[in-house]
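Reviewing the structure listed below.
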Amino acid sequence: MAVRKREDAARILGDVSGDKRFFCHDGCTASNLQQLADCLSHMSTQSYDHHVTAEKNDFSSWVRDVFGDVKLANELARSRDRADAARILNQRISWLKKKLL
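Here the sequence shown is numbered in the numbering used here, starting from 251 and rising by one per residue.
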């Protein structure tokens, strides 16, 4: 889904609840993109490697399936490590926040 309207950005930046939250291997829980970026910033390489392998990228899948942000999901799928994934998330969050103005 492309971000065309302010409402799209607000929805993507918003919180999800219940089973839609992201439950990290290390116990960190994310209800929105900012919380996921925070989790990534503090997560160990071992936890990151649990979620990202040659066959899967749980972060990318969550963003695509829960928020519908295909652009961000594709960028996360190409991330090289947890720091790169956190940087990608923070850049997208900043861009989405500008759409709210």
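Just so it is clear, CB atoms sit at the ideal spot from N, CA and C, and this is done for glycine as well.
Here the structure is a predicted model, which means the values were calculated and not measured.
Taking every protein chain shown into account, the CB of F273 has fewer than 16 other CB atoms within 10 angstroms, so this residue is exposed.
Residue state for N282 is assigned as coil, using DSSP reduced to three classes. Each of H275, S311, S291, L290 was checked against the Cα of H300, and the nearest Cα belongs to H275.
For E305, there is no enclosing alpha helix (DSSP H), as DSSP gives it neither H nor E. The shortest C-alpha to C-alpha distance from L339 to any of L286, K348, Y298 is the one to L286.
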